[in-house]
Structures are given as C-alpha cells and as structure tokens.
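**Q** The letter at position 85 of the sequence shown is residue 592 when you use the working numbering, and the numbering goes up by one with no holes.
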Amino acid sequence: PPILPPVDGFLMLDKAKFAESFAGDVPQEKAEFMANSQVPWGLDALNGPVSTPAWKTKPSWYLVVTEDKMIPPPAQQFMSRRAGSTVREVGGSHAIYVSKPQAVADIIEEAATGSSKSAAQTS
C-alpha cells in the first residue's frame with residue numbers, strides 16, 4: 508500500500524508509490540516534488556471525536572474523482588450520497604487540486620454562490 512506504517516503517531520505516503528497512487532495525472536517532476544515535500548499527518552486526524560457532523564445539518568458538495576487510487580470512487584459516491592451532497596464528477600487522481608484546479612474552483616464557486624458550473628460537472 509502507498510501509506511507507510513505509522514511512526515510516532517504520524518503517517519506518510521511511500522515516495523516510490525506516491526505518483527502512481529496519489530498523483531497519477533500530475534506531471535512526473537511535480538509529483539516527485541510533492542512526494543519529497545509531503546508533511547506527515549497525524550493518526551488523530553482520523554480518530555478524533557465528532558459530536559454532530561456538519562453534513563447532517565448543512566448543505567454539502569462533493570467532487571468525485573473517478574481515477575482516485577487513495578479513496579476508491581465507489582467509497583466517494585457512498586459518502587457523498589450519505590451526506591446528501593450535490594455531486595460532481597471529474598476524471599483525475601487524488602491530487603485533483605493540482606491536476607485540474609479549475610474543476611475544484613468551479614465546485615467551490617458553485618457551493619459559495621449556489622450557481623451551477625458545467626465545467627465542474629464533468630471533465
């Protein structure tokens with residue numbers, strides 16, 4: 508797997524597997540930079556208590572990334588349906604914010620304004 512075993516309560520992605528698993532549609536040089544500059548993230552981010560999930564009381568939007576190898580698209584679809592999210596799909600990797608920033612910006616704008624952007628729906 509691309510996620511290495513935890514060290515002192517923190518996780519990192521295997522640099523050798525980073526591009527393929529996390530940034531498959533990002534140019535190789537940029538993916539290598541991302542792999543080398545990643546910051547460890549704490550296990551506590553996954554285990555913290557949540558009293559009331561915001562998605563139960565607030566509108567939400569979700570950009571399903573169809574070639575994501577970190578969070579499988581069926582899992583993304585399940586989570587977004589469960590949350591009652593407005594869903595858009597785009598082809599790309601987990602690093603969609605790098606490879607297709609306009610699709611990300613479009614869904615953020617849609618969420619902020621309530622308008623629909625066709626570019627965020629599919630690309």
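Don't be surprised by glycine CBs; every beta carbon is placed ideally from N, CA and C.
Since the structure is predicted, the reported quantities are computational estimates derived from the model, not experimental observations.
1) Where does I614 fall in DSSP's three states?
2) Got a sec, what are the start and stop residues for the beta strand (DSSP E) V571 sits in?
3) Is V514 helix, strand or coil when you go by DSSP?
4) What are the partner residues of E596, as DSSP defines its beta bridges?
5) Looking only at its chain, what residues have a beta carbon closer than 6 Å to the beta carbon of S567, apart from the 5 residues adjacent to it on each side?
6) Which of the three DSSP states, helix, strand or coil, is assigned to L520?
7) Exposed or buried, which one is A482 when buried takes at least 16 other CB atoms within 10 Å?
8) Alpha carbon to alpha carbon, what distance is there between A612 and L518?
**A** In short:
1) Against the sequence shown, residue 614 aligns to sequence position 107. In the structure shown, I614 sits in a helix (DSSP, three-state: H, G or I).
2) As a working mapping, residue 571 is identified with position 64 in the sequence shown. Unbroken beta strand (DSSP E) run through V571: 568-572.
3) The residue labelled residue 514 in the question sits at position 7 within the sequence shown. It is a strand residue.
4) Position 89 of the sequence shown holds residue 596. According to DSSP, E596 bridges with V571.
5) The count along the sequence shown starts at 1 and reaches residue 567 at position 60. Excluding five sequence positions before and after S567, the CB atoms of its chain that fall closer than 6 Å to its own CB belong to A590, S592, given in chain order.
6) Here residue 520 is taken as the residue at index 13 of the sequence shown, counted from 1. Three-state result, L520: strand.
7) The structure shown does not extend to residue 482, since the chain spans only 508 to 630, so no value can be given for it.
8) Position 11 of the sequence shown, counted from the first residue, corresponds to residue 518. Position 105 of the sequence shown, counted from the first residue, corresponds to residue 612. Cα to Cα, L518 sits roughly 28 Å from A612.
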